Structures are given as structure tokens and as C-alpha cells.
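Enquirer: Here you go, one structure.
Protein chains: 2
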Amino acid sequence: MANKKSVSNPTSLDYAILGLLQGHSLSGYRIRKIFETTALGEYSSSPGTIYPALKRLKKLGLIIQGKKSGDPVNTPNPFAITPEGIEILARWLGKPLESEDISKRLDETMLRFALMEELLSKEQKIEFLTSFISETREYIKILLSDFERESHRMSLHGKLAMENGIAVYKTSLRWGRKALKEIRNT
Amino acid sequence: MANKKSVSNPTSLDYAILGLLQGHSLSGYRIRKIFETTALGEYSSSPGTIYPALKRLKKLGLIIQGKKSGDPVNTPNPFAITPEGIEILARWLGKPLESEDISKRLDETMLRFALMEELLSKEQKIEFLTSFISETREYIKILLSDFERESHRMSLHGKLAMENGIAVYKTSLRWGRKALKEIRNT
DNA sequence: TCGCACATGTAACGTGTTACATGATTCA
DNA sequence: TGAATCATGTAACACGTTACATGTGCGA
Chain A
229 MANKKSVSNP TSLDYAILGL LQGHSLSGYR IRKIFETTAL GEYSSSPGTI
279 YPALKRLKKL GLIIQGKKSG DPVNTPNPFA ITPEGIEILA RWLGKPLESE
329 DISKRLDETM LRFALMEELL SKEQKIEFLT SFISETREYI KILLSDFERE
379 SHRMSLHGKL AMENGIAVYK TSLRWGRKAL KEIRNT
Chain B
229 MANKKSVSNP TSLDYAILGL LQGHSLSGYR IRKIFETTAL GEYSSSPGTI
279 YPALKRLKKL GLIIQGKKSG DPVNTPNPFA ITPEGIEILA RWLGKPLESE
329 DISKRLDETM LRFALMEELL SKEQKIEFLT SFISETREYI KILLSDFERE
379 SHRMSLHGKL AMENGIAVYK TSLRWGRKAL KEIRNT
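Chains as they are written, first to last, in our numbering: chain A, 229 to 414; chain B, 229 to 414.
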């Protein structure tokens, strides 16, 4: 197994930070503001979350602190991603999709997609979307058969809630096919 | 403020457990199996998660342990929900929806819907869905305006990821309207 | 008898949340 | 001058994850 998990892997928050640091340096405060204001807001980020995370990543050598030649002149204590950070991030982005990346962790999976533009090859992106599509199709099948098998003993609200789940996954499936086409045209 | 948060509120896992305990007693093992096998599987549940949660709920007096006259004869140490448990659960289910229940915590919000059948009145359910619809509509507006404002400086992958988010929320909005109709016909 | 499913738990660990704390700079 | 925003951090706490541990009962 090439995968040592001895020391505890980065969390998806860590990866989100590394992803933001592709391209330009950012201060802790800037990163917080991005999490606060943009659609990445799921990673809700009070100081007590962000600063310890940055500390962690720094200690791991995935980011470095200090004026980096380049960007925003007056970012106070900007962090930049290191080559090791890039490598770790790219490895995470390129990991083969498992079924649980769809059934649980769908948000994280979309985050991976959002961050992979620069670091993965076109082939890898296509591979990612192809698996995304087939895993999602597979999972919808499971949901539908669960639904048929159990619906007679489910409450109305239970059934409706499941219908939402199924509809949402179908939407993501359609999205995946469309995204695949667009990426192929690149 | 009627809401004391002094002692730390139940988590959504706690509420999921309380919800499962509506109607019939279940052993810890049974609860684990339900989380493992059904669509509620997001609440991934190893012993190290479930048993401490049950202990907690027991200490709070929201569930009680012991043979309950009724159900499956040889369920080992079944838990049943107490009146206080019901009350806490119902209060949670009936809480007014805030915008963050949609933008973050959408899964939790759907869990609330799934569990409210027995404990809320028809009017409360309609109120829930009505807010769900308007909050979701509102959030989609925000996403769309973010998208228009930022899309020119977003990467292709960023844009595609956002499109998925928007499509998913639109799906849930359609679901909400449909669910509202069905509940009204009750 | 071997192994699997049933059944329940504990201990270490890390991370996110909440709340507190501090200080500089900007702008009205 | 006072308020808001910029900017960074710490401490307590609780929860979930992982890994370990134990024992029963059933069926092949």
C-alpha cells in the first residue's frame, strides 16, 4: 500500500485551503473571508478553525508563511503552497473515486472537481468524471431499489425525503454528463 | 431568549437516533445496522459513535434502556424514547427555518422533514415547507448573482462546480413545491 | 469446530466550535 | 473620538473516528 495513514491525513478543510493557495498567496484573514462569503461557505471558518489549520499545514511543510514574490502587495502574513503541498493536493485530487465518495462525501467530491483544473491532466479529469457518472448511476440504482423494497413500510415523509435524495442525485448525474462533454471539448 | 444553549445541544446524530426511536424500541446494535444499511447512512456509525451517543441521551433522560413490553422478544437492551425525548425532538423539528438551514445543513434539514410526520401538525408541516421553498428560492438567487458577478474570474472547473450546486438547489426547490402539494392533500 | 453475525463497550486522538482576547488601521 | 474592519491568536470542550477488546450463539 502506497498510502501511509499513520499520522492522520489532511481534512477536506485542509485541502480547501491548499486549493485556494494555488496561484496566489493569501493571509489567514483573507482565507477566512473567502470561506465566509463565497459558495465554499460550507467550510465555515471562525479564527479558531482557520488559524490552527494553517499552523498544522505549516508544520507539515505543505505551506510556508512570509512575503512571497508576486501577489497582493499588502497581504500581511501571506501563506503560499509549497511543492510538497502541491504534491499532496494533486494526489488527493487524482485519487480514484470510490462509491462512498458519492453516497457520503458528495460535497467533498465536488470540491475536488472544483480544484483540479490546474493540477490534473485532461485525461485524469475525464477519468474522474467518467467514474463520477458511473458511480452516481450505480448509487441511484441502489436508492431506487431500496425505495421500491421499503416504500410500503415507510412513512409519507420518509418517502418524500427519499424522493428528494433521488432527484438530487439524478441532477448531479445529468450535470456530470454535461461537464464531461465540456471538458472533452477543451 | 427562550433558548438555553448553556449545556450543549444534541447533535443531528442524536436527533436521528431519537427519530428512529419514535414508535418502537431498538437496541444499539439495531440502530447501528440501520445507519449502516439504509439511506441514512451519512450518519456513519461504528460502535465508537453510537454507544457513546446512546449513553449521552440516556444521561440526559431523553431515552431509557430496558425491556419494553411490546416488540421483538429477544432484542437485547432496547432503548425507548421518553416524553422529554419526544419534547426535545418535537421542538427541534418545529424550529423555524433559517437561511443557513438551506445554505449549510441541507441534509440535516431533510432529516428534520423525514422525522416530523408524527410529531408536528399539518399546519406546522406546511409552514416548514413554505419556508423551505422561500429560503431555497432566496438562496438560489444569491448563488446566481454570485455566479454572474464572479464567473468571469472563475476557472472552468469552478464554474461547473457552481452550476452543479445551483442545479441541485433548483431540484430541491421543485421537490419542495411538490411535497407541499402532497402534504396539503392530507 | 471454524467462522460469522450478533452485541456492547472503552481509550486515544484530532479537529471543529464557541468564546475570549488583543491590537492596528481606517473612516466618519 | 469612537466604531468598524482588519488581523491573529488561545483555551475549553465535545464529538466523531479509529482501533482495540470481549463474549455469545448459530449454522456449515
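Quick reminder that beta carbons are idealized off the backbone N, C-alpha and C, glycines included.
Just so we're clear, the structure is a prediction, and the values are computed from it rather than from any experiment.
Within a Cβ cutoff of 6 Å, which residues of the same chain sit near F341/A, ignoring the five residues on either side of it in sequence?
Expert: Along the first sequence, read from residue 1 onward, the residue named residue 341/A stands at position 113. Cβ neighbours of F341/A beyond the five flanking positions: none.
Enquirer: For T239/B, count neighbouring Cβ atoms within 10 angstroms of its own Cβ and tell me buried if that reaches 16, exposed if not.
Expert: Taking the second sequence and counting its residues from 1, the one referred to as residue 239/B is at position 11. So T239/B counts as exposed.
Enquirer: First and last residue of the alpha helix (DSSP H) that includes K281/B?
Expert: The sequence position of residue 281/B within the second sequence is 53, counting from 1. Sequence inspection shows Ala at residue 281/B; the Lys mentioned does not correspond to that position. Segment 275 to 287, the alpha helix (DSSP H) holding A281/B.
Enquirer: Output needed in chain order: residues of the segment 387 to 399 of chain B with a Cβ under 7 Å from some Cβ in chain A.
Expert: L388, A389, M390, E391, N392, G393, A395, V396, T399
Enquirer: How would you call H380/A, buried or exposed, if buried means at least 16 neighbouring beta carbons within 10 angstroms?
Expert: In the first sequence, the residue the question calls residue 380/A occupies position 152. By the neighbour-count rule (16 or more Cβ atoms within 10 Å), H380/A is not buried but exposed.
Enquirer: Does A318/A have its Cβ less than 7 Å from a Cβ in chain B?
Expert: Here residue 318/A corresponds to residue number 90 of the first sequence, with the count starting at 1. So no, A318/A is outside the interface.
Enquirer: Determine the burial state of I370/B: buried for a count of at least 16 other Cβ atoms within 10 Å of its Cβ, exposed for fewer.
Expert: As a position in the second sequence, residue 370/B is number 142, starting the count at 1. I370/B is classed as exposed because its beta carbon has fewer than 16 other beta carbons within 10 Å across all chains shown.
Enquirer: Just checking: is the beta-carbon of K332/A within a distance shorter than 7 Å of some beta-carbon in chain B?
Expert: The residue labelled residue 332/A in the question sits at position 104 within the first sequence. Chain B contact via Cβ: present.
Enquirer: Return the CA-CA distance between S273/B and L401/A, expressed in angstroms with no decimal places.
Expert: Taking the second sequence and counting its residues from 1, one reaches residue 273/B at position 45. Taking the first sequence and counting its residues from 1, one reaches residue 401/A at position 173. Their backbone Cα atoms lie some 27 Å apart in a straight line.
Enquirer: Ignore the nearest five residues each way along the sequence and tell me which others in L268/A's own chain have a CB closer than 7 Å to its CB.
Expert: The residue you call residue 268/A lines up with position 40 of the first sequence. Apart from sequence neighbours up to five positions away, the residues of its chain that approach L268/A with a beta-carbon distance below 7 Å are A244, I262, ordered along the chain.
Enquirer: List the endpoints of the continuous beta strand (DSSP E) containing A308/A.
Expert: Counted from its first residue, the first sequence places residue 308/A at position 80. That run of the beta strand (DSSP E) goes 307 to 309.
Enquirer: From which residue to which residue does the beta strand (DSSP E) around Q293/B run?
Expert: Here residue 293/B refers to the residue found at position 65 of the second sequence. Per DSSP, Q293/B belongs to the beta strand (DSSP E) from 291 to 293.
Enquirer: Since A342/A meets chain B, which of its residues come closer than 7 Å, beta carbon to beta carbon?
Expert: In the first sequence, counting from the first residue as 1, residue 342/A sits at position 114. Near A342/A (Cβ distances below 7 Å), the residues of chain B are H385, G386, A389.
Enquirer: By the 10 Å Cβ neighbour count, where 16 or more other Cβ atoms means buried, how is E315/B classified, buried or exposed?
Expert: For the purposes of this step, residue 315/B is identified with residue 87 of the second sequence, where counting begins at 1. Classification of E315/B: exposed, given that the 10 Å Cβ count is below 16.
Enquirer: What residues of chain B sit near D329/A, judged by a beta carbon separation below 7 Å?
Expert: The residue given as residue 329/A occupies position 101 in the first sequence. What D329/A touches in chain B, judged by beta-carbon distance under 7 Å, is nothing: the nearest beta carbon there is about 13 Å away.
Enquirer: Does the beta carbon of M382/A sit closer than 7 Å to a beta carbon anywhere in chain B?
Expert: On the first sequence, residue 382/A is found 154 positions in, with the first residue counted as 1. Not an interface residue.
Enquirer: What do you reckon, are the CB atoms on I330/A and T358/A nearer than 7 Å?
Expert: Start at 1 with the first residue of the first sequence, and residue 330/A comes out as number 102. Start at 1 with the first residue of the first sequence, and residue 358/A comes out as number 130. No, these two residues do not count as a Cβ contact at 7 Å.
Enquirer: Chain A partners of A281/B, CB-CB under 8 Å?
Expert: As a working mapping, residue 281/B is identified with position 53 in the second sequence. Going along chain A, no residue has its Cβ under 8 Å from A281/B, so there is no contact; the nearest lies around 18 Å.
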